[in-house]
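Take a look at the structure below.
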Amino acid sequence: MPEEPKKTPPVLSKKDKRIGVLHLQEARLVEVENYRKKLIKVESELWSLGEEIGCVGDVSGGGTCDG
Numbered sequence: 085m086p087e088e089p090k091k092t093p094p095v096l097s098k099k100d101k102r103i104g105v106l107h108l109q110e111a112r113l114v115e116v117e118n119y120r121k122k123l124i125k126v127e128s129e130l131w132s133l134g135e136e137i138g139c140v141g142d143v144s145g146g147g148t149c150d151g
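Next up, the structure:
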């Protein structure tokens, strides 16, 4: 069986590498922004149903926001 020719990775310039890194960062930020939008939507719906947001409750779910 013949050996596969070795593939040499493309040589990227510093600019191309930086562009790749920036694209990855952009994708992460978009994910975070989408998460924040969903969180705000859920929290606002909970608030509209009379639930208090940001309170720490016990494991049973019976916590209060009194203080």
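Take the position in the sequence shown, starting the count at 1, then add 84; the result is the number in my numbering.
C-beta atoms are modelled at their ideal positions from N, C-alpha and C, and glycine is treated no differently.
- Apart from the 5 residues on each side of it in sequence, Gly104 has no Cβ closer than 6 Å to any other Cβ in its chain.
- In this structure, DSSP gives Ile137 a state outside helix and strand, which the three-state scheme calls coil.
- In the structure shown, Lys90 falls within a coil segment according to DSSP collapsed to helix, strand and coil.
- Annotated as proximal: Ile137 and Trp131, with beta-carbon spacing under 8 Å.
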